[in-house]
Amino acid sequence: MAASGNQVEWEAVIGLETHVQLGTDSKIFTTASTRYGSDPNTHIDPVVCGLPGTLPVLNQKVLEYAVKAALALNLSIAERSKFDRKQYFYPDLPKNYQISQYDEPIAEEGWIEVEVAEKGKETYLKTIGIERLHMEEDAGKLVHAGSDRLAGSTHSLVDYNRAGVALAEIVSKPDLRTGREAAEYA
-12 MAASGNQVEW EAVIGLETHV QLGTDSKIFT TASTRYGSDP NTHIDPVVCG
38 LPGTLPVLNQ KVLEYAVKAA LALNLSIAER SKFDRKQYFY PDLPKNYQIS
88 QYDEPIAEEG WIEVEVAEKG KETYLKTIGI ERLHMEEDAG KLVHAGSDRL
138 AGSTHSLVDY NRAGVALAEI VSKPDLRTGR EAAEYA
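Taking this note's numbering, the leading residue of the sequence shown gets -12, the next gets one more, and so forth.
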């Protein structure tokens, strides 16, 4: 922020969290299918639902894809990485927790360079720092029924087919300064 006379000028400072689905045939901690467009609740199993006695087992393809994505973003791959339980209570989360990574993600401290074409300006290269990439499972999907799907909905249904789908969450540093830079980055 800079002040000149009575005018205050603000600078946009933008950092983004981008969730990227990893294109595996099965979910992050189970062999349940990730096929899109199937009938609701047909790609769930005891692990996805968090039933007592079930244990998650990491899909090796998820790890492979996450490492490849991290290398493409010039990130340092961690020697040790772990998963955490993120507790929250939403109807689209069957276990009432999400398996994610927090303090020991798979990769940290990288960068990506993008070409930015601002309207009426010369094209330039922008280097954007990447703070981290971590693996996590997606939640289910709420389907709102009614006249306009949300404000006029009479009830909501839950489809757990997406629950457990593998995601890479990529967290940028707050290096973006314009909407165009953010769009080119994303």
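We treat Cβ as the ideally placed atom computed from N, Cα and C, and that holds for glycine.
Quick caveat, the model's predicted, so the values are computed rather than measured.
In three-state DSSP terms, what is residue 85? Of the three classes helix, strand and coil, the one that applies to residue 85 here is strand, per DSSP.
Under the rule that 16 or more other beta-carbon atoms within 10 Å means buried, what is residue -7, buried or exposed? Per the 10 Å Cβ criterion, exposed.
Tell me whether residue 48 sits in a helix, a strand or coil according to DSSP, three-state version. Three-state DSSP puts residue 48 in a helix.
Any non-hydrogen atom of the ligand COA within 7 Å of residue 90 CB: Although the ligand COA was asked about, the structure shown includes no ligands whatsoever.
Are there three or more Cβ pairs, one per stretch, closer than 8 Å when the stretch 104 to 117 is compared with the stretch 137 to 150? Pairwise C-beta distances place the stretch 104 to 117 out of contact with the stretch 137 to 150, as fewer than three of them are shorter than 8 Å.
If we cut at 8 Å on Cβ distances, does residue 37 have a partner in chain C? Reference to chain C is not applicable here, since this structure consists of a single protein chain.
Should residue 103 go down as buried or exposed, given a rule of 16 or more other Cβ atoms within 10 Å for buried? That one is buried.
Taking the continuous alpha helix (DSSP H) assigned at residue 170, which residues delimit it? According to the DSSP assignment, residue 170 belongs to the alpha helix (DSSP H) that extends over 166 to 172.
Tell me the DSSP secondary structure of residue 119 in three-state form. Secondary structure of residue 119 (DSSP, three-state): strand.
If you reduce the DSSP assignment to three classes, tell me which class residue 23 lands in. Coil at residue 23, not helix or strand.
Contact set for residue 36: own chain, Cβ-Cβ below 6 Å, skip 5 residues either direction: So the list reads 81, once near-sequence residues are dropped.
If you run the structure through DSSP and keep just helix, strand and coil, what is residue 145? Here residue 145 sits in strand by DSSP.
Closer than 6 Å by C-beta to residue 83: which residues in its own chain qualify, once you throw out the five before and the five after it? Chain order, please. Cβ within range, chain order: 76.
Provide the residue span of the beta strand (DSSP E) that contains residue 103, from first to last. Residue 103 -> beta strand (DSSP E) spans 94 to 103.
8 Å Cβ cutoff met for residue 154 and residue 30: Cβ atoms of residue 154 and residue 30: not closer than 8 Å.
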